[in-house]
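Chemist: Structure below; questions to follow.
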């Protein structure tokens, strides 16, 4: 047997060592690359987590400011110069900052669930067919405007669907309605150009660097405008003629009891005492006597137009009464049209037709997807109560447990149109049920004010001019505008407010040195007196 020579053996060993060295080098390089990628990925997600909580800090700061407002304080549009402040620095070493949050007043928009046909027709791009389709979409069987004439067109879509015949759950649900397009709703047909307000705030920082653009339908519409029924003194308004029945109950609108008898002397005396307490600092003794005689008598006035003549056509007295009174003949909470009661969802993305009977769903807001997050109300800044949420966003308790303040199942949102205990008010007892579908005189843009029937463009301009000189302190301040007649005031008084209790808050947290940002959107309800996050979404 011939053995390899020593030189051949040394060559084989050298080749083996070289291959092993090459393998080890490749392994070391790949391990280094993998470790570097993992380290960079960890650093990236760590920075995103820091940016997320920076954005959440901005959200909490805005909610604290909303809760700190004294009841009866008019809700005003944010001042332009107040938004030009520097970013808030959380950690100078890490360059973690958040921008001042952006606040959108939902009462500065038209509520799709309460707007009447004439108001819809005044919105940009709305035709008679589209207005009818919107009303048919939201109207259930037996309600005014209910129709199935558009269902054949919906059935021809891929996938087919039908009109929901329930209140709108999101503004973007309009995309399912016959005659509506993405370009009409957003002002652009390209999804990549549809930025959330938080994204626009980051791009346009500092704010005011770019001139504001004309509002589109997505900026003018909502499905969740809510305001507490408060007078300017911070107390609930006095509801006349509600004798132990729901607001919507019939048979008590004329100030009589449920048995059809006039109000008792005890009721009249209690009402007179309340009026005395609430109005003695605002009216002279003679005016107060006239008011008590007109309001607390046997026959309760059914409308402010009727009451106008009973107080001697005195605009100042009428302004005070409109501030503190609700009359039984007035439709509370916006125009007719089958609007949902408290508990409806804020605007959101419908997620597209699904072929089922009730298309919709998905997450609330401008774009689909996103990471939701919510928690229970607590002392710490990262725990906020959530009253309701969308099941599609929270598939299991495991997800909830991982969110800030997490744990626990979200409480279901009350079904629209269902009466709750807060609806029942006694005669001459302050009404506490929140109003829906009302428009804030202090924050609504002139385009939206002009869309309210029967407001004319000239009156809308007059309203804006009045609030620029001094904010509206109560809805009765409308009477300071000479163009407002008794009939016009009677038509508008319960469709407007100067307070708001439903908002959208947009916040941005950033790690500046790494160009990392997180955008959050929250829907906030303050109608209970405390801020409650009803929906919450991460936009990017």
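In my numbering, the protein residues as written are 187 to 726. Backbone N, C-alpha and C define an ideal beta-carbon position, used for all residues, glycine too. Quick caveat, the model's predicted, so the values are computed rather than measured.
1. Give the range of the beta strand (DSSP E) segment to which residue 300 is assigned.
2. Could you tell me if residue 754 is buried or exposed, where buried requires 16 or more neighbouring beta carbons within 10 angstroms of its beta carbon?
3. List the residues that DSSP assigns as beta-bridge partners of residue 693.
4. Where in the region 622-679 do unbroken runs of the alpha helix (DSSP H), each at least 4 residues long, occur, reported from the N-terminal end onward?
5. Can you list, in chain order, the residues of its chain whose CB lies under 6 Å from that of residue 601, leaving out five sequence neighbours each side?
6. Measuring only the C-alpha atoms, how far is residue 200 from residue 227?
7. Under three-state DSSP, which class holds residue 609?
8. Please name the residue, chosen from 502, 455, 422, that lies closest to residue 479 on a Cα-to-Cα basis.
9. What span of residues does the beta strand (DSSP E) with residue 207 cover, start to end?
10. Is residue 511 helix, strand or coil when you go by DSSP?
11. Can at least three beta-carbon pairs, one atom from the region 632-640 and one from the region 670-686, be found at a separation below 8 Å?
12. Roughly how many angstroms lie between the CA atoms of residue 366 and residue 318, to the nearest whole one?
13. To the nearest whole angstrom, what separates the beta carbons of residue 494 and residue 672, a pair I think is in contact under 8 Å?
14. Which two residues bound the contiguous alpha helix (DSSP H) that contains residue 475?
15. Under DSSP, the alpha helix (DSSP H) around residue 324 begins and ends at which residues?
16. Let's test the definition: count the other Cβ atoms within 10 Å of the Cβ of residue 189 and tell me whether it reaches 16, buried, or not, exposed.
17. Exposed or buried, which one is residue 224 when buried takes at least 16 other CB atoms within 10 Å?
18. I'd like to check one pair, residue 360 with residue 689: are the Cβ atoms closer than 8 Å?
19. Shortest alpha-carbon distance to residue 409 belongs to which of 514, 352, 465?
20. Within a Cβ cutoff of 6 Å, which residues of the same chain sit near residue 653, ignoring the five residues on either side of it in sequence?
21. Looking at the unbroken beta strand (DSSP E) that takes in residue 490, where does it start and where does it end?
22. Keeping to the same chain, check which residues put their C-beta closer than 7 Å to that of residue 306; ignore five residues upstream and five downstream.
23. Would you tell me roughly how many angstroms separate the C-alpha atoms of residue 611 and residue 425, rounded to the nearest one?
24. For residue 724 versus residue 283, is the C-beta spacing smaller than 8 Å?
25. Strictly by DSSP, which residues pair up with residue 721?
26. Applying the 10 Å Cβ sphere with the 16-neighbour rule, what's the burial state of residue 415?
27. Hey, could you find the ends of the beta strand (DSSP E) residue 291 is sitting in?
28. Quick one, are the C-beta atoms of residue 413 and residue 720 less than 8 Å apart?
29. Mark residue 210 as exposed unless 16 or more other C-beta atoms lie within 10 angstroms of its C-beta, in which case mark it buried.
30. Tell me which residues share the same chain as residue 198 and place their Cβ nearer than 6 Å to its Cβ, disregarding the 5 neighbours each side in the sequence.
31. Kindly indicate which three-state DSSP category residue 445 falls into: helix, strand or coil?
32. Are the C-beta atoms of residue 249 and some chain D residue less than 8 Å apart?
33. Quick test of your reading: residue 419 and residue 662, contact by CB under 8 Å. State the CB separation rounded to the nearest angstrom.
34. For a test of the three-state rule: what should DSSP assign to residue 539, helix, strand or coil?
35. By the three-class DSSP mapping on this structure, what secondary structure does residue 459 have?
36. Cα separation between residue 624 and residue 220?
Modeler: Well, looking at it:
1. Within the chain shown, residue 300 is the residue found at index 114, counting from 1. Note, residue 300: premise wrong, no beta strand (DSSP E); not H, not E.
2. Coverage of the chain is limited to positions 187 through 726, which leaves residue 754 absent and any answer about it impossible.
3. Reading the chain shown from its first residue, position 507 is the one you call residue 693. 706.
4. Segments of the alpha helix (DSSP H) lying fully in the region 622-679: 632-637, 643-655, 672-678.
5. What you label residue 601 is simply residue 415 of the chain shown in a count that begins at 1. Bear in mind that a pLDDT of 37 at residue 601, under 50, signals an unreliable position, so the number given afterwards is only what the model happens to contain. Taken in chain order, the list of residues that qualify is empty.
6. Here residue 200 refers to the residue found at position 14 when the chain shown is read from its first residue. Here residue 227 refers to the residue found at position 41 when the chain shown is read from its first residue. Those two C-alpha atoms are separated by around 40 Å.
7. For the purposes of this step, residue 609 is taken as the residue at position 423 of the chain shown. Residue confidence is low: residue 609 scores 33 on pLDDT, short of 50, so the model does not pin down where it sits. Its coordinate-derived value is still stated next. Residue 609: helix per DSSP, three-state reduction.
8. Walking along the chain shown from the start, residue 479 turns up at place 293. Here the closest residue by C-alpha is 455.
9. Within the chain shown, the letter at position 21 stands for residue 207. No beta strand (DSSP E) holds residue 207; the alpha helix (DSSP H) holding it covers 192-254.
10. Locating residue 511 in the chain shown gives position 325, where the first residue counts as 1. Residue 511: strand per DSSP, three-state reduction.
11. yes
12. As a working note, residue 366 is residue 180 in the chain shown. As a working note, residue 318 is residue 132 in the chain shown. About 12 Å.
13. Taking the chain shown and counting its residues from 1, one reaches residue 494 at position 308. Taking the chain shown and counting its residues from 1, one reaches residue 672 at position 486. Right, their Cβ atoms sit about 5 Å apart.
14. In the chain shown, counting from the first residue as 1, residue 475 sits at position 289. Per DSSP, residue 475 belongs to the alpha helix (DSSP H) from 471-481.
15. Within the chain shown, the letter at position 138 stands for residue 324. 314-324 is the extent of the alpha helix (DSSP H) around residue 324.
16. As a first step, residue 189 must be located in the chain shown, where it is residue number 3. So residue 189 ends up on the exposed side.
17. Working through the chain shown from its first residue, we reach residue 224 at position 38. When all chains shown are included, residue 224 counts as exposed.
18. Walking along the chain shown from the start, residue 689 turns up at place 503. Walking along the chain shown from the start, residue 360 turns up at place 174. In this structure, residue 360 does not lie closer than 8 Å to residue 689 by Cβ.
19. As a working note, residue 409 is residue 223 in the chain shown. That would be 352, whose Cα lies nearest to the Cα of residue 409.
20. Counting from 1 along the chain shown, the entry for residue 653 is found at position 467. Scanning its chain for C-beta atoms nearer than 6 Å, with the 5 sequence neighbours on each side dropped, one finds around residue 653 the residues 628, in chain order.
21. Along the chain shown, read from residue 1 onward, the residue named residue 490 stands at position 304. No beta strand (DSSP E) contains residue 490, which is instead part of the alpha helix (DSSP H) from 490-496.
22. Stepping through the chain shown from its first residue, residue 306 is reached at position 120. 312, 317, 320.
23. Along the chain shown, read from residue 1 onward, the residue named residue 611 stands at position 425. Along the chain shown, read from residue 1 onward, the residue named residue 425 stands at position 239. Because the pLDDT at residue 611 is just 30, under 50, the model does not fix this residue reliably, and the point stays unresolved.
24. Walking along the chain shown from the start, residue 724 turns up at place 538. Walking along the chain shown from the start, residue 283 turns up at place 97. Cβ atoms of residue 724 and residue 283: not closer than 8 Å.
25. One-based indexing of the chain shown puts residue 721 at position 535. Beta-bridge pairing links residue 721 to 709.
26. The residue you call residue 415 lines up with position 229 of the chain shown. It counts as buried.
27. Position 105 of the chain shown holds residue 291. It spans 288-291 - the beta strand (DSSP E) in which residue 291 sits, taken as one unbroken run.
28. Here the question's residue 413 lines up with position 227 in the chain shown. Here the question's residue 720 lines up with position 534 in the chain shown. No, these two residues do not count as a Cβ contact at 8 Å.
29. On the chain shown, position 24 is the one that residue 210 refers to. Residue 210 should be labelled exposed.
30. Within the chain shown, residue 198 is the residue found at index 12, counting from 1. There are no such residues.
31. In the chain shown, residue 445 corresponds to position 259, counting from 1. With a pLDDT of 36 at residue 445, under the threshold of 50, the modelled position of this residue cannot be trusted; read the value that follows with caution. Coil, per DSSP.
32. Given the protein chain composition of this structure (a single chain), no chain D is represented.
33. For this step, residue 419 is matched to residue 233 along the chain shown. For this step, residue 662 is matched to residue 476 along the chain shown. Not really, about 12 Å apart at Cβ, beyond 8 Å.
34. By 1-based counting over the chain shown, the position of residue 539 is 353. In this prediction, residue 539 has a pLDDT of 33, which is less than 50 and means its spatial position is unreliable; nothing more can be read from the coordinates.
35. If you number the chain shown from 1, residue 459 lands on position 273. Here residue 459 sits in helix by DSSP.
36. Counting from one through the chain shown, the residue named residue 624 turns up at place 438. Counting from one through the chain shown, the residue named residue 220 turns up at place 34. Cα to Cα, the separation comes out at about 58 Å.
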